[in-house]
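Chains A and B are the protein sequences, given in the same order.
When the count follows my numbering, it moves up by one through the first sequence with no breaks and lands on 614 for the last residue.
When the count follows my numbering, it moves up by one through the second sequence with no breaks and lands on 614 for the last residue.
Report on one structure; see the data block that follows.
There are 2 protein chains.
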Amino acid sequence: MSNSYTDKLLRVNLSEGTVKTEKINRDWQKEFIGGRGLATKYLISETDSKTDPLGKENKLIFVTGPLTGTSAPTGARYMVVTKSPLTGTIACSNSGGYFGSELKFAGYDMIIFEGASDKPVYLSIYNDDVVIKDAAAIWGKGVWETEDILKSVEGDSDSRVAAIGPAGENKVLFSCIVNEKHRAAGRSGVGAVMGSKKLKAIVVRGTKGIGVSNPERFFEDINKSKEILREAPVTGQALPAYGTAVLVNVMNEYGGLPSYNFRSSQFANAEKISGETIADTRLVANKACFACTIACGRVTKLPDNASEKYIVSTSSRNWKDAGGGPEYENIWAMAPLCGIDDIDALIKANWLCNDLGMDPISYGATLACAMELYENGAIDEKTAGMNLNFGNAEALVKMVYDTGHRSGFGDYLAEGSYRLSKRFSHPEFFMGVKKQEFPAYDPRAVQGIGLAYATNNRGADHLRAYTIASEIMGIPEKTDPAETEGKAALTKLFQDATGVVDSSGLCIFCTFAIGLPEIVPMINSAAGSDYSVDDALKIGERIWNMEHLYNLSAGILGAEDTLPKRILEGKIAEGPTKGMVNKLDKMLPEYYQLRGWDDNAVPSKEKIEELGLG
Amino acid sequence: MSNSYTDKLLRVNLSEGTVKTEKINRDWQKEFIGGRGLATKYLISETDSKTDPLGKENKLIFVTGPLTGTSAPTGARYMVVTKSPLTGTIACSNSGGYFGSELKFAGYDMIIFEGASDKPVYLSIYNDDVVIKDAAAIWGKGVWETEDILKSVEGDSDSRVAAIGPAGENKVLFSCIVNEKHRAAGRSGVGAVMGSKKLKAIVVRGTKGIGVSNPERFFEDINKSKEILREAPVTGQALPAYGTAVLVNVMNEYGGLPSYNFRSSQFANAEKISGETIADTRLVANKACFACTIACGRVTKLPDNASEKYIVSTSSRNWKDAGGGPEYENIWAMAPLCGIDDIDALIKANWLCNDLGMDPISYGATLACAMELYENGAIDEKTAGMNLNFGNAEALVKMVYDTGHRSGFGDYLAEGSYRLSKRFSHPEFFMGVKKQEFPAYDPRAVQGIGLAYATNNRGADHLRAYTIASEIMGIPEKTDPAETEGKAALTKLFQDATGVVDSSGLCIFCTFAIGLPEIVPMINSAAGSDYSVDDALKIGERIWNMEHLYNLSAGILGAEDTLPKRILEGKIAEGPTKGMVNKLDKMLPEYYQLRGWDDNAVPSKEKIEELGLG
């Protein structure tokens with residue numbers, strides 16, 4: 001029966017230089033849908049949770065979902081699943097663009113990379129022709145030049161490239177994997193794992209079609225979803241108009257935009273780097289991922305007079321060309337959090353992050369931590385090589401190079417803010433959870449997101465339970481951000497539902513408009529499955545618990561489900577949210593109870609049984 | 001005030017090639033006495049429990065106790081504390097001989113090795129002269145030749161040498177550190193950590209004295225202990241006469257000597273490899289460690305006609321010379337457990353283990369596992385390179401070489417039986433706990449030792465709670481080995497008391513005669529402390545919980561406190577213990593309760609508070 005799975009995976013052993021195709025395990029596909037859930041099941045079955053993330057025993061899995069590459073709206077996602085070198089937890093980083101769909105078109109749901117190559121290589125995929133090739137000529141080059149060279153070498157301008165930059169090669173702990181130059185599987189250092197395997201890039205070209213199980217019903221289902229997406233205010237208006245950067249002013253006005261490494265929760269000059277300002281002064285065009293009707297992606301351009309400032313030698317890029325971003329999270333981490341309001345320095349640093357292959361959230365947050373260490377005298381100018389006062393836009397751009405290349409002080413930044421703050425004897429300046437840096441929402445001002453951060457299976461991160469949708473935007477319904485009641489249930493529901501979305505191949509942004517009642521039918525009519533919404537939620541719960549059990553057995557215990565002291569005890573000093581702290585202790589016990597976990601976050605035998613995870 | 005601590009440690013950074021002396025942290029010394037407890041506190045404070053055991057971030061600590069190097073009877077021990085590459089748990093391996101005392105005479109309680117050298121080195125210590133030296137000329141050589149060369153190079157025949165052999169260099173996961181050629185810090189692969197740091201050996205010569213705080217009282221205390229040791233049957237007669245091998249017949253007659261990879265619990269030909277037979281036919285002399293009045297060590301010699309059989313080229317050793325051992329555990333693992341009764345093959349394999357620097361328990365047990373895999377067809381002759389049937393004495397000797405050098409099939413054996421059994425798809429043939437192989441007492445036949453194995457902080461092992469003393473020998477009082485009642489309390493008490501002994505620098509064998517009421521006064525009069533017996537037990541409990549918390553945070557959770565199915569469900573088929581299984585489920589919950597841990601082995605907040613481990 002035709003459906004939207006290819007039912008095949010590529011197994012690439014980089015130690016032995018071999019490529020095999022295998023049938024996907026059908027039982028697991030049914031239990032986990034695809035994407036994040038399925039790849040995590042493979043990783044857990046094939047590796048030891050205690051393995052060194054940068055050792056050859058770790059595996060790196062690229063995976064799509066049954067809706068990736070179909071015409072389901074936002075069905076463009078691929079995910080990278082591995083053990084994170086930043087956090088030691090399970091990692092699943094998610095990216096859009098066109099790479100994931102192309103992989104499906106070539107005939108593969110998944111690629112499992114195992115072992116490690118002795119010398120730099122890349123993987124070339126042209127439908128059934130899959131070859132490991134020498135990458136000596138591109139090792140050391142930026143992501144953009146790598147893509148240009150590979151497209152030219154492979155002779156197909158329609159090829160899609162996912163690559164690491166120097167940051168991944170140098171195993172920067174928050175390096176990412178970038179496709180189409182400006183889309184990234186961004187968090188938790190998946191790029192460093194790719195670098196540790198000496199795998200520079202994957203080039204893929206596919207010319208096969210993707211079937212769906214019930215075409216007639218499928219088109220009905222997707223048309224219904226598209227209509228809802230078009231009419232919903234966030235997906236139909238705000239995101240198309242301003243991209244994710246629309247949130248800068250929203251969060252700042254509410255008093256939930258952390259600045260100066262979380263010493264404050266508003267930023268006086270937010271207007272200078274807001275989505276509205278970018279749209280008015282730097283925006284060239286919107287850019288959509290494959291099959292997406294939202295098109296939140298930005299294309300921006302620097303003004304002529306800004307293009308040389310702070311920029312030192314890098315790849316062959318012409319800085320007068322337009323480029324992608326910046327996204328809300330990146331703006332926040334590299335501007336307000338560092339006390340910086342120079343929009344062009346921000347855009348340059350963001351592009352450089354993409355070119356070097358580095359997560360701008362963790363980079364910006366680590367720099368902010370360094371700035372606080374600097375202002376407290378724990379780091380001096382000699383150690384840092386320059387002044388690192390908050391607000392220093394030159395440092396923002398300069399340190400991107402040094403971090404990506406691990407040169408000078410950048411070698412310390414490359415380890416992330418958890419290790420940096422410990423190295424300089426102020427662990428209290430680390431603002432994150434499980435060694436990963438917070439994203440752009442102050443958990444003192446927004447209670448639920450604090451619980452979501454604290455319990456997140458991949459460390460501090462907003463993309464596993466975006467409670468901001470409810471607490472700030474009122475989707476699907478408004479809850480009070482200052483209130484703790486009900487946030488445990490909200491967080492659990494969002495975590496479980498997100499597991500379904502991440503396994504389907506859809507983008508989480510579709511959930512600003514549609515929910516599982518729309519998503520599950522699309523999965524069914526494409527994949528030939530017959531999940532109910534309840535079935536799907538159970539799958540989401542299974543994924544969450546599976547990831548959580550992996551973390552426990554990797555030694556990431558319940559004690560790490562917490563927030564920094566500054567968040568739990570340091571009241572917000574000024575502004576509309578003045579006096580607030582995160583009341584995690586009011587939410588966490590209830591959350592554990594709802595999950596069927598004990599006080600130490602250990603799932604009960606009954607829960608493990610119920611989810612088939614025994 | 002003079003006391004038996006030197007109060008100094010050596011910090012050797014092998015990455016940077018630097019040596020520093022530091023004061024010992026006095027607060028920690030008081031909280032943990034010294035030895036195992038103190039070094040573990042340092043390791044936990046300075047390293048991440050999730051670090052790669054063979055990576056440069058792991059540290060390797062050599063440590064003595066306040067009674068090491070004094071004239072307290074059995075006060076000869078040093079310990080090696082690190083994270084184990086075999087188990088992923090905390091490791092503390094303990095050795096006697098003269099090395100530990102010599103280190104104290106040179107003026108150091110402890111050495112912390114950090115980082116890793118690029119090229120082979122050894123550490124030379126002559127009192128205050130401490131130098132990292134090139135080891136290119138001895139890298140690759142066996143332990144014995146290494147010791148001979150280093151003594152000649154350093155020009156002092158009184159120097160003491162602790163070294164790794166090829167097994168440690170090749171990171172065999174159960175490689176050990178050997179001093180005076182035949183004494184070893186044996187279990188959990190501490191030799192591989194030393195190898196990963198490219199540290200071949202430590203040569204130490206010390207000419208300083210060791211004071212005691214209250215000489216008059218100290219000599220009274222030790223004389224009293226010596227008298228008890230002399231008069232107790234085990235330490236005054238059995239061990240001096242037959243060494244630890246006295247247990248072969250004892251355990252076999254009881255029906256608790258596992259054979260054929262635990263398929264049986266007796267061995268028909270035990271008499272051929274018993275302590276009595278060795279004493280009658282192979283023993284040359286007894287050998288005592290520094291200050292020991294027991295002298296359980298054996299010196300044996302092969303008969304002339306046996307000396308060439310199975311032996312292939314190795315170091316320059318003359319096989320007609322006498323050598324150390326074999327000890328009970330080693331006899332058991334390499335003979336009954338493999339179905340072998342060739343005493344000379346056993347002695348050769350044992351010497352080769354010492355020369356290659358490899359734990360004979362884990363080696364023998366891994367070979368036994370391979371033999372069961374072989375007899376079940378999971379490994380064929382082509383894979384193994386030879387016939388691996390149970391009873392093959394040639395395989396026993398041949399595979400020692402191959403394992404130590406990781407050549408051929410030995411490369412699989414070098415990973416231990418947990419990984420071996422998984423590799424060949426029969427994980428049920430692994431006989432151990434937490435990836436470490438069982439020692440020589442059948443936990444089906446002796447209930448308490450099963451609980452001790454299951455809950456041991458360094459995986460299956462008898463030296464953290466030797467309940468055999470009570471269950472078989474009746475020390476301090478006889479308990480029924482078939483009974484589960486009371487074994488939780490017995491195990492906890494032995495675990496806590498052993499922590500004190502291991503931290504003092506005494507040998508656990510002294511406890512066959514004396515107990516904390518004799519030991520604590522010796523510590524006090526030597527170290528100038530004023531611990532009560534209750535204080536000491538609290539310290540033991542603190543050590544146990546500290547190690548346990550380290551393991552939890554390394555991902556070694558309560559679920560691993562278990563025994564193989566063969567032990568829990570596979571009844572003993574024949575002999576006096578026929579029909580028995582280990583009833584762990586009757587003991588474990590009570591044990592957790594006594595420890596103040598929950599059902600998942602997580603210590604309560606109150607217990608953590610009480611022990612000052614928060």
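Glycine included, every Cβ here is placed at the ideal spot set by N, Cα and C.
Given residue i as reference, the closest of the options once Cα atoms are compared
{"i": "Gly189(A)", "options": "Ala288(A), Asn179(A), Ser175(A)", "result": "Ser175(A)"}
{"i": "Arg205(B)", "options": "Gly155(B), Gln447(B), Val178(B), Val234(B)", "result": "Gly155(B)"}
{"i": "Glu16(A)", "options": "Ile472(A), Val121(A), Ile449(A)", "result": "Val121(A)"}
{"i": "Asn286(A)", "options": "Glu327(A), Asp304(A), Ser259(A)", "result": "Glu327(A)"}
{"i": "Cys369(B)", "options": "Met386(B), Ser307(B), Arg419(B), Val143(B)", "result": "Arg419(B)"}
{"i": "Leu557(A)", "options": "Val602(A), Leu38(A), Ala167(A), Ser532(A)", "result": "Val602(A)"}
{"i": "Gly275(A)", "options": "Pro258(A), Thr244(A), Asn305(A), Ala288(A)", "result": "Thr244(A)"}
{"i": "Val203(B)", "options": "Val250(B), Ile222(B), Val143(B), Thr235(B)", "result": "Val143(B)"}
{"i": "Ile273(A)", "options": "Ile361(A), Asn223(A), Ile347(A), Tyr310(A)", "result": "Ile347(A)"}
{"i": "Arg464(B)", "options": "Leu123(B), Asn330(B), Gly37(B)", "result": "Gly37(B)"}
{"i": "Asn179(A)", "options": "Phe62(A), Ala513(A), Val446(A)", "result": "Phe62(A)"}
{"i": "Arg458(B)", "options": "Asn551(B), Pro427(B), Ala527(B)", "result": "Asn551(B)"}
Exposed unless 16 or more other CB atoms sit within 10 angstroms - verdict on residue i
{"i": "Ser421(A)", "result": "buried"}
{"i": "Leu594(B)", "result": "exposed"}
{"i": "Val312(A)", "result": "exposed"}
{"i": "Gln654(A)", "result": "Past the boundaries of the shown model lies residue 654(A); chain A is included only from 1 to 614, so the question cannot be answered."}
{"i": "Glu216(A)", "result": "exposed"}
{"i": "Phe219(B)", "result": "exposed"}
{"i": "Asp27(A)", "result": "exposed"}
{"i": "Pro564(A)", "result": "buried"}
{"i": "Ser159(B)", "result": "buried"}
{"i": "Asp402(A)", "result": "buried"}
Cut-off 6 Å between Cβ atoms - residues of its own chain near residue i, not counting five sequence neighbours on either side
{"i": "Ile149(B)", "result": "Ile138"}
{"i": "Pro166(B)", "result": "Leu356, Gly404, His405"}
{"i": "Thr47(B)", "result": "Lys59"}
{"i": "Val520(A)", "result": "Tyr531, Val533, Ala536"}
Chain-order list of residues whose beta-carbon lies under 7 Å from that of residue i (same chain, five-residue window excluded)
{"i": "Met399(A)", "result": "Leu367, Gly410, Leu413"}
{"i": "Glu381(A)", "result": "Asn387"}
{"i": "Leu490(A)", "result": "Gly448, Thr467, Ser470, Thr479"}
Residues that residue i bridges to, as DSSP identifies them
{"i": "Phe512(B)", "result": "The partner list for Phe512(B) (beta bridge, DSSP) is empty, contrary to what the question assumes."}
{"i": "Phe113(B)", "result": "Val12(B), Leu60(B)"}
{"i": "Ser49(B)", "result": "Paired residue(s): none; Ser49(B) is not in a bridge."}
{"i": "Ile132(B)", "result": "Leu123(B)"}
{"i": "Arg183(B)", "result": "Asn179(B)"}
{"i": "Gly596(A)", "result": "DSSP, once it has assigned bridges, lists no residue as partnering Gly596(A)."}
{"i": "Asn619(B)", "result": "This structure leaves residue 619(B) out entirely; chain B is present only between 1 and 614."}
{"i": "Val161(B)", "result": "Val203(B)"}
{"i": "Ile90(B)", "result": "Lys83(B)"}
{"i": "Ser264(A)", "result": "Ser259(A)"}
Closer than 7 Å: residue i CB and nearest the ligand FMN heavy atom
{"i": "Ile519(A)", "result": "Absence of the ligand FMN from the depicted structure is noted, as is the absence of any ligand whatsoever, leaving it without description."}
Whole-number beta carbon distance between residue j and residue i, since they are thought to touch under 8 Å
{"i": "Ala488(A)", "j": "Tyr363(A)", "result": "At roughly 32 Å, the Cβ-Cβ gap does not stay under 8 Å, so Ala488(A) and Tyr363(A) are not in contact."}
{"i": "Leu493(B)", "j": "Arg542(B)", "result": "Contact flag wrong, Cβ pair sits at about 15 Å."}
{"i": "Ser93(A)", "j": "Lys198(A)", "result": "No, Ser93(A) and Lys198(A) are not in contact; Cβ-Cβ is about 20 Å, not under 8 Å."}
{"i": "Ser49(A)", "j": "Gly555(B)", "result": "6 Å"}
{"i": "Pro66(A)", "j": "Tyr5(A)", "result": "6 Å"}
{"i": "Asn545(B)", "j": "Leu451(B)", "result": "Not confirmed; about 17 Å, so no contact."}
{"i": "Gly140(B)", "j": "Gly100(B)", "result": "That pair is no contact at about 27 Å."}
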